[in-house]
Amino acid sequence: MSRITCECGHVNPEGTVLCEACGKPFEENQHLNDNKPEQLLNMRYDGSARRSQTYQRTFVDKVWNFFSSVKIGVSIIILLVVASAVGTIFPQEMYLPPGSDPTTHYEEQYGMLGQIYYQLGFHNLYSSWWYLLIIAMLGVSIVIASIDRFIPLYKTLRKQKPKRHVNFMKKQRIFGETINENIDYSKLRKNLRSKRYKLFEEDGHLLAEKNRFSRWGPYVNHIGLILVLLGSMLRFVPAMYMDEFLWIREGETKEIAGTEGKYYIENEDFILETYDANDENNSQFQESLQNQANPVPENYQTNAVIYKRTDLPIVPGKEPELEKVKDAEARVNHPIQLENGISLYQASYQLNEFQSMTFKLHDKGNEDTNYGEFTVDLTEPKDEYTLDDGTVVRLDRYYPEFELDDGVPTQVSKFPRNPAFIFEVQRPGEEPEVSFAGIGVNIDATGENDYKVGLVDFGVRDVTGLTVKRDYTLPFIAFGAAIFMIGVIQGMYWNHRRIWIQPKETGVWVAGHTNKNWFALKKDIDQTLEDTGIEPPVDQQEEKDKRERGKDDGISTD
Amino acid sequence: MSEQTVNKKKRRLIFRTVLLLVMLSLITFAVVSALQDEDVTVAEGSEAPNFSLKKFGSDETVELKDLRGKGVMINFWATYCEPCKEEMPYMEDLYPEYKEKGVEILAVNLDTTDIVVRQFMEEYQLTFPILQDKDGQVMNLYGIKPIPTTFFINPDGTVEEKVIGPLTLSKLEGHLQDIAPSS
Numbered sequence: 127m128s129r130i131t132c133e134c135g136h137v138n139p140e141g142t143v144l145c146e147a148c149g150k151p152f153e154e155n156q157h158l159n160d161n162k163p164e165q166l167l168n169m170r171y172d173g174s175a176r177r178s179q180t181y182q183r184t185f186v187d188k189v190w191n192f193f194s195s196v197k198i199g200v201s202i203i204i205l206l207v208v209a210s211a212v213g214t215i216f217p218q219e220m221y222l223p224p225g226s227d228p229t230t231h232y233e234e235q236y237g238m239l240g241q242i243y244y245q246l247g248f249h250n251l252y253s254s255w256w257y258l259l260i261i262a263m264l265g266v267s268i269v270i271a272s273i274d275r276f277i278p279l280y281k282t283l284r285k286q287k288p289k290r291h292v293n294f295m296k297k298q299r300i301f302g303e304t305i306n307e308n309i310d311y312s313k314l315r316k317n318l319r320s321k322r323y324k325l326f327e328e329d330g331h332l333l334a335e336k337n338r339f340s341r342w343g344p345y346v347n348h349i350g351l352i353l354v355l356l357g358s359m360l361r362f363v364p365a366m367y368m369d370e371f372l373w374i375r376e377g378e379t380k381e382i383a384g385t386e387g388k389y390y391i392e393n394e395d396f397i398l399e400t401y402d403a404n405d406e407n408n409s410q411f412q413e414s415l416q417n418q419a420n421p422v423p424e425n426y427q428t429n430a431v432i433y434k435r436t437d438l439p440i441v442p443g444k445e446p447e448l449e450k451v452k453d454a455e456a457r458v459n460h461p462i463q464l465e466n467g468i469s470l471y472q473a474s475y476q477l478n479e480f481q482s483m484t485f486k487l488h489d490k491g492n493e494d495t496n497y498g499e500f501t502v503d504l505t506e507p508k509d510e511y512t513l514d515d516g517t518v519v520r521l522d523r524y525y526p527e528f529e530l531d532d533g534v535p536t537q538v539s540k541f542p543r544n545p546a547f548i549f550e551v552q553r554p555g556e557e558p559e560v561s562f563a564g565i566g567v568n569i570d571a572t573g574e575n576d577y578k579v580g581l582v583d584f585g586v587r588d589v590t591g592l593t594v595k596r597d598y599t600l601p602f603i604a605f606g607a608a609i610f611m612i613g614v615i616q617g618m619y620w621n622h623r624r625i626w627i628q629p630k631e632t633g634v635w636v637a638g639h640t641n642k643n644w645f646a647l648k649k650d651i652d653q654t655l656e657d658t659g660i661e662p663p664v665d666q667q668e669e670k671d672k673r674e675r676g677k678d679d680g681i682s683t684d
Numbered sequence: 075m076s077e078q079t080v081n082k083k084k085r086r087l088i089f090r091t092v093l094l095l096v097m098l099s100l101i102t103f104a105v106v107s108a109l110q111d112e113d114v115t116v117a118e119g120s121e122a123p124n125f126s127l128k129k130f131g132s133d134e135t136v137e138l139k140d141l142r143g144k145g146v147m148i149n150f151w152a153t154y155c156e157p158c159k160e161e162m163p164y165m166e167d168l169y170p171e172y173k174e175k176g177v178e179i180l181a182v183n184l185d186t187t188d189i190v191v192r193q194f195m196e197e198y199q200l201t202f203p204i205l206q207d208k209d210g211q212v213m214n215l216y217g218i219k220p221i222p223t224t225f226f227i228n229p230d231g232t233v234e235e236k237v238i239g240p241l242t243l244s245k246l247e248g249h250l251q252d253i254a255p256s257s
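Line order of the protein sequences matches chains W and Y.
Its first residue numbered 127, the first sequence is counted upward by one per residue in our numbering.
Its first residue numbered 75, the second sequence is counted upward by one per residue in our numbering.
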């Protein structure tokens with residue numbers, strides 16, 4: 127466990143594969159980059175010493191080295207991908223039909239598999255603790271693996287010297303030996319500079335390098351990813367992110383959820399407009415409209431009034447004193463904006479909820495008779511209604527949404543979705559009669575009634591569904607995404623190219639390396655070597671491949 | 075090993091430890107936030123949030139903080155909730171006795187239509203205060219999901235116990251005893 131002093135005099139950190147200064151391969155560490163003696167050098171991370179490969183003594187080091195591993199990183203990604211995919215097999219809990227019970231729904235709908243799915247928590251995957259933990263582990267892996275590779279690579283590239291070791295030169299993929307004593311070095315330098323290479327010289331040895339910054343692309347990209355992860359974590363902070371839902375009936379005034387009782391909204395009107403095929407302005411849609419059996423919605427809109435509560439401090443439940451802030455309209459993608467970063471989006475609606483019902487009293491056997499009509503307001507029904515002829519209709523019982531349970535009417539919710547009534551009809555001077563009336567039901571309690579309460583008309587109103595949103599995390603996430611893209615571009619559109627020139631007594635050696643796009647590197651080299659007296663080097667990898675192909679075909683190139 | 079190397083390794087260990095701790099605390103924050111059920115806003119042992127609601131059938135309002143020094147039982151219910159109907163008679167039975175002992179029963183009703191509640195009260199002959207929460211503001215404040223849900227609040231204003239689901243007579247009595255102020 128000690129530093130390695132190279133024959134060139136440079137002292138390298140332990141675990142170095144290729145000397146930082148001269149590139150000499152250190153025998154004892156070649157296995158770290160899977161280098162074999164007869165093969166070309168594996169140039170990954172430029173042979174720098176990755177700490178994770180060298181020592182693990184303390185617990186902290188062991189944890190660090192675990193996350194530093196690329197294999198672990200890839201495993202985490204695979205785990206994440208598989209889990210995310212499984213999460214799409216059956217619907218997530220939030221998309222179940224309203225009113226269904228997840229504890230039984232999955233088994234009923236999808237059998238055994240559904241039950242297992244539910245038991246393992248896949249029904250609420252994307253916010254489950256273990257899914258979050260996998261993402262967190264990926265984040266840790268990205269941070270540690272990047273630090274562990276960036277720092278040694280950065281140091282090595284900063285310490286590299288133009289004078290390279292013989293074995294380094296010979297084992298580069300691009301390598302060539304020229305025997306020629308008349309070499310035009312000034313022409314060579316000029317050519318390299320014209321291709322925007324930076325030149326470094328040491329005892330006549332030359333290093334030409336360009337676009338080193340493209341090596342940082344992956345790390346910049348990872349910084350972007352981490353920023354996106356941090357940005358999405360901000361969504362757990364209520365001041366940064368909020369997502370609530372409101373149902374408001376026409377005419378109702380409600381507290382806006384998430385504003386701590388400060389704001390109220392009144393739904394004046396919900397509008398659903400459909401395209402009119404006969405309208406001149408819609409002529410361009412005429413054909414498509416005619417192909418549709420149903421009307422095509424053109425606009426969903428809530429006309430609302432925003433109020434601010436003025437009686438402070440706010441006591442929940444107390445009758446609020448409201449001050450009008452503004453009239454406002456919420457249309458799809460055109461939310462109502464409040465003062466504190468909160469937006470109300472048109473998100474859902476229900477049409478035609480019952481609001482009032484009009485009944486008339488007539489003879490049981492004859493619907494044409496009429497002893498008077500009365501209208502019941504379903505939100506605030508009265509105890510009794512007096513008809514013009516003095517008949518009193520008492521409302522004995524009101525069920526906003528009723529169901530028959532073993533023949534007994536029961537109330538299942540507070541919303542007037544299926545209203546029913548028990549009326550006691552008292553005509554002047556006659557015995558009172560009881561009848562049960564609802565939509566499509568009209569039951570005579572005793573079977574001996576003379577009169578019937580019949581439904582003649584009803585009034586309806588719409589319900590609008592608005593989402594209440596505040597999201598300050600988006601700029602942060604967008605910033606992270608921009609950094610991510612910059613990293614991708616940096617690493618993709620530029621290549622790190624290096625050319626080494628070594629003068630020898632009888633000629634010159636040339637070697638070249640790039641992290642990608644070898645064709646362009648070869649073109650660069652061939653062009654800069656023109657008219658300098660240096661022969662173009664060969665691609666040793668390609669030569670070897672060619673030889674091996676030749677062997678397979680039984681052709682010897684020697 | 076040279077002194078320089080030892081120092082370097084020490085610095086590296088500190089750096090790694092600090093970074094791992096920072097990441098660990100971020101992850102803990104994220105996982106804890108995700109696990110926290112958004113709706114569990116009023117936990118046992120915490121202070122019961124104040125509210126003010128109109129008493130059914132009168133103009134009188136009841137504010138929770140005015141009841142400091144008394145034990146308070148807050149029962150969230152609605153007329154369309156079957157299990158709520160079961161426990162109503164028990165509450166009615168125990169109400170006079172525990173009112174004497176300094177325990178107030180507040181039944182927060184979540185219906186929207188007055189006549190439905192009035193008919194229910196007449197049917198069950200309820201005498202303890204029924205409070206109206208038509209907009210469900212107090213329901214949201216207390217994070218009520220299923221009803222009935224009942225909170226038992228100590229004389230000092232902290233939540234002694236939260237019970238989801240209907241109560242039996244003996245359980246109800248036990249909880250009421252827990253929150254009765256000691257005389």
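Beta carbons are placed, not taken as given, at the ideal position from N, Cα and C, and that holds for glycine.
Quantities reported herein were computed from a predicted structural model and do not represent experimental measurements.
Spatial distance of L470 of chain W from G350 of chain W (CA atoms): 31 Å
Does DSSP put R192 of chain Y in a helix, in a strand, or in coil? helix
Spell out whether any CB of chain Y is found under 8 Å from the CB atom of I130 of chain W. no
So, are the CB atoms of A430 of chain W and N407 of chain W less than 8 Å apart? no
Report, in whole angstroms, the separation of the C-beta atoms of F480 of chain W and L521 of chain W, which I expect to be a contact under 8 Å. 15 Å between Cβ atoms; not a contact.
Would DSSP call R523 of chain W helix, strand or coil? strand
Just to confirm before moving on: does the CB-CB distance between V250 of chain Y and L168 of chain Y stay below 8 Å? The sequence shown places Leu at residue 250 of chain Y, rather than the Val named in the question. Their beta carbons are under 8 Å apart, which means L250 of chain Y touches L168 of chain Y by this criterion.
Please classify G135 of chain W: is it buried, with 16 or more other beta-carbons within 10 angstroms of its beta-carbon, or exposed? exposed
Select from the segment 126-154 of chain Y all residues with a C-beta closer than 8 Å to any C-beta belonging to chain W, and list them in chain order. S126, L127, K128, T135, E137, A152, T153 and Y154
With a cut-off of 8 Å on the beta carbons, I'd call P222 of chain Y and E178 of chain Y a contact; round off their distance for me. Contact doesn't hold; Cβ gap of about 17 Å is too wide.
Whole-Å CB distance - F362 of chain W paired with S107 of chain Y, under 8 Å assumed: 4 Å
Mapping DSSP to helix, strand and coil, what is K672 of chain W? helix
Supposed close pair D509 of chain W, I189 of chain Y - CB separation, criterion 8 Å: 7 Å
Taking just the CA atoms, how far does E134 of chain Y sit from E233 of chain W? 50 Å
In whole angstroms, give me the CA-to-CA distance for D665 of chain W and G199 of chain W. 33 Å
By the 9 Å beta-carbon criterion, what residues does the segment 172-195 of chain Y contribute toward chain W? V182, L184, D185, T186, T187, D188, I189, V190, R192 and Q193
What first and last residue would you give for the beta strand (DSSP E) that runs through H249 of chain Y? H249 of chain Y -> not in any beta strand (DSSP E); alpha helix (DSSP H) instead, spanning L243 to I253.
Which ranges does the beta strand (DSSP E) cover as unbroken runs of at least 3 residues, wholly within the segment 397-480 of chain W, from first to last along the chain? 423-435 and 448-457
Within 10 angstroms of the Cβ of G377 of chain W, are there 16 or more other Cβ atoms? Answer buried if so, exposed if not. exposed
Hey, is K540 of chain W's beta-carbon within less than 8 Å of any beta-carbon in chain Y? yes
DSSP three-state call for L151 of chain Y: helix, strand or coil? Reading off the sequence shown, one finds Trp at residue 151 of chain Y, where the question assumed Leu. Residue state, collapsed to three classes: strand.
R624 of chain W CB to nearest chain Y CB: under 8 Å? no
Output the distance between the C-alpha atoms of D684 of chain W and R673 of chain W, rounded to the nearest integer angstrom. Note that D684 of chain W scores 47 on pLDDT, short of 50, meaning its location in the model is unreliable; the coordinates nonetheless yield the value given after this. Approximately 9 Å between the Cα atoms of the pair.
Can you round the beta-carbon distance between P170 of chain Y and G239 of chain Y to whole angstroms, since I take them to be within the 8 Å contact cut? Going by Cβ atoms, the distance from P170 of chain Y to G239 of chain Y rounds to 25 Å, so no, they are not a contact pair.
Report the three-state DSSP secondary structure of V551 of chain W (helix, strand or coil). strand
With 8 Å set as the bound, which would you pick, yes or no: does the beta-carbon of A108 of chain Y sit closer than that to a beta-carbon of chain W? yes
Taking 8 Å as the CB-CB limit, is K124 of chain Y close to chain W? Reading off the sequence, residue 124 of chain Y comes out as Asn, not Lys. With 8 Å as the cut-off, N124 of chain Y counts as an interface residue toward chain W.
Which of the three DSSP states, helix, strand or coil, is assigned to T683 of chain W? With a pLDDT of 48 at T683 of chain W, under the threshold of 50, the modelled position of this residue cannot be trusted, and the question is left open.
At least three beta-carbon pairs within less than 8 Å, the segment 516-530 of chain W to the segment 494-506 of chain W: yes
Alpha-carbon spacing of F103 of chain Y relative to D597 of chain W, whole angstroms: 19 Å
L215 of chain Y to V191 of chain Y span [Cα, whole Å]: 22 Å
Does DSSP classify N81 of chain Y as helix, strand or coil? helix
With burial defined as no fewer than 16 other Cβ atoms inside 10 Å of the residue's Cβ, what is the status of D172 of chain W: buried or exposed? buried
Tell me whether V237 of chain Y sits in a helix, a strand or coil according to DSSP, three-state version. strand
Using a beta-carbon distance below 8 Å, is V269 of chain W in contact with chain Y? yes
So who's on the other strand from R596 of chain W, going by DSSP bridges? W:M368
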